[in-house]
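Counting from 1, one number per residue, gives the positions in the sequence shown under my numbering.
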Amino acid sequence: MLCAAIDIGSNTTRVLVAEPQEGQLRKVMEQRAYTRIGKASQHNGAIDADKVAELAEVVATQVRLAEEVGAEAIRTVATAAIREAANRQEVVAEIARVAGVEGEVLSEHEEGRLAFIGATKTLGHPVEGDVAVVDVGGGSSEVVVGSVTEGVRSVHSFKIGSGSLADDFLSNDPPSPAEIRAVRDHIADFFEGIEFEQPDQAVAVGGSATSLRTLVGAALEYETLERAIRVLTGDPILEVAKRFELDPRRVRILPTGVLLLEKLSELLGQPLQIGKGGLREGVILDLLNGATNGAARVLAA
1 MLCAAIDIGS
11 NTTRVLVAEP
21 QEGQLRKVME
31 QRAYTRIGKA
41 SQHNGAIDAD
51 KVAELAEVVA
61 TQVRLAEEVG
71 AEAIRTVATA
81 AIREAANRQE
91 VVAEIARVAG
101 VEGEVLSEHE
111 EGRLAFIGAT
121 KTLGHPVEGD
131 VAVVDVGGGS
141 SEVVVGSVTE
151 GVRSVHSFKI
161 GSGSLADDFL
171 SNDPPSPAEI
181 RAVRDHIADF
191 FEGIEFEQPD
201 QAVAVGGSAT
211 SLRTLVGAAL
221 EYETLERAIR
231 VLTGDPILEV
241 AKRFELDPRR
251 VRILPTGVLL
261 LEKLSELLGQ
271 PLQIGKGGLR
281 EGVILDLLNG
291 ATNGAARVLA
301 A
């Protein structure tokens, strides 16, 4: 069965179409749009009307792309930016009107559960012991701890993300050493006194982590994260983007994502391995298992 997941995040809106193959997921198509709805909130906490209209059109396009490659079911989920928006009901209604799909606003726990499934089920090797899944998004960051056998035990969601930090602290191109120090100090203050149970291994998912694979490889240890910061702050955004074939909009917010990953790795007491799957893969695995809660659009044959 070919399934599609559309993930509306604070930075990007992404679609993934995949099908099961030999115990893993085979990706058929994926596409992303930088919608940055986390930056479009008005002072009253509502997402502005122009951005809502743009988002609905993006989702409609991604639904059409999924249908064109033969997706039999489509599930559209939204995370922190819409979950916290004062006008989230209006946003969901506009998506339904324009794109013809129900935008399911995930709770923090459900978002964490799906990211955990997507990360642990797609690593390509057996996962033993306790696992922490770290997902640094544009407007929030999640740490989910559990095991493959027992499932999720705890979900920690924090209102701090790569996009919001970049907007608040980074104005130079490339970021200055003083700006990086300010971000690092702010992150340290934010997580002061926070402790996690110590897992046997930790997996990083989300846009910040997957973009780092191109820069430093699949293992995110202290030395590689520090090297990533040096690379990202050594040249202007457009030069870094061209050299590593990354979108400049991702490169702009990547330094703050790296600093968040660095701090969370420190708190967990484990280096981070970059996962092959995350929230979207978890959504598709749920679809394949029939656990949709009626939120998926099933297409007629």
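Where a beta carbon is used, it is the ideal one built from N, C-alpha and C, also for glycine. Note that the coordinates shown come from a computational prediction; the quantities given were computed from them, not determined experimentally.
What is the rounded straight-line gap between the Cα of ARG97 and the Cα of LEU114?
26 Å
Quick check on PHE342: does DSSP put it in helix, strand or coil?
This structure cannot speak to residue 342, because the chain is shown only from 1 to 301.
Is the region 135-148 touching the region 2-11, taking contact as three or more C-beta pairs under 8 Å?
At 8 Å Cβ cutoff, the stretches touch.
Need the endpoints of the alpha helix (DSSP H) that VAL58 sits in, please.
Unbroken alpha helix (DSSP H) run through VAL58: 49-68.
By Cβ distance, which residues of its chain are closer than 7 Å to ALA85, with the 5 residues on each side in sequence left out?
Answer for ALA85: SER41, GLY45, ALA46, ILE47, VAL91, listed in chain order.
Please report how far the alpha carbon of ILE37 lies from the alpha carbon of ASN87, in whole angstroms.
12 Å
Check the DSSP bridge columns for GLU111 and list the partner residues they point to.
Checking the DSSP bridge columns, you'll see GLU111 has no partner listed.
Distance, GLN89 Cα to ALA53 Cα
14 Å
Count the CB pairs spanning the region 167-175 and the region 139-150 that are closer than 8 Å, and state whether there are at least three.
no
Am I right that ALA132 and GLY103 are in contact with their C-beta atoms under 8 Å? What's the rounded C-beta distance?
That pair is no contact at about 28 Å.
How about GLY206 and GLY278: do their beta carbons lie closer than 8 Å?
yes
Inspect the CB distances between the region 214-231 and the region 189-197 and report whether three or more fall short of 8 Å.
no
Hey, could you find the ends of the beta strand (DSSP E) GLN273 is sitting in?
The continuous beta strand (DSSP E) containing GLN273 extends over residues 272-274.
Can you name, in chain order, every residue of its own chain whose Cβ lies under 7 Å from the Cβ of ALA228, other than the five neighbours on each side?
Excluding sequence neighbours, ALA228 sits near LEU212, LEU215, VAL216, VAL258.
Taking 8 Å as the cut-off, does the region 110-128 touch the region 53-73 (at least 3 CB pairs, one atom from each stretch)?
Because the criterion of three Cβ pairs below 8 Å is not met, the region 53-73 and the region 110-128 do not touch.
For LYS39 and ALA66, what's the separation of their Cα atoms in angstroms?
27 Å
Give me the Cβ distance between TYR34 and ARG249, rounded to the nearest whole Å; I'm assuming they're in contact under 8 Å.
TYR34 to ARG249, Cβ: 5 Å. Contact.
Reference GLU281, options GLU195, ALA81, LYS121, closest by Cα:
Closest in C-alpha terms to GLU281, from the list GLU195, ALA81, LYS121, comes LYS121.
I'd like the ranges of any alpha helix (DSSP H) spanning at least 4 consecutive residues and lying wholly in the region 122-202.
162-169, 177-190
Beta strand (DSSP E) segment containing ILE6, residue limits
3-8
Distance CB(LEU302)-CB(ALA182) smaller than 8 Å
Outside the modelled stretch of the chain, which goes from 1 to 301, sits residue 302, for which no answer is possible.
Euclidean distance between Cα positions of ALA178 and LEU238:
21 Å
Relative to the C-alpha of VAL17, which residue among THR256, ALA5, ILE187 is closest?
ALA5
Measuring CA to CA, which of ARG26, LEU165, GLU111 is closest to VAL152?
GLU111
Where GLU108 and ILE95 are concerned, what is the direct C-alpha to C-alpha distance, given to the nearest angstrom?
Cα to Cα, the separation comes out at about 21 Å.
Nearest-angstrom Cα separation, counted from VAL15 out to VAL63:
8 Å
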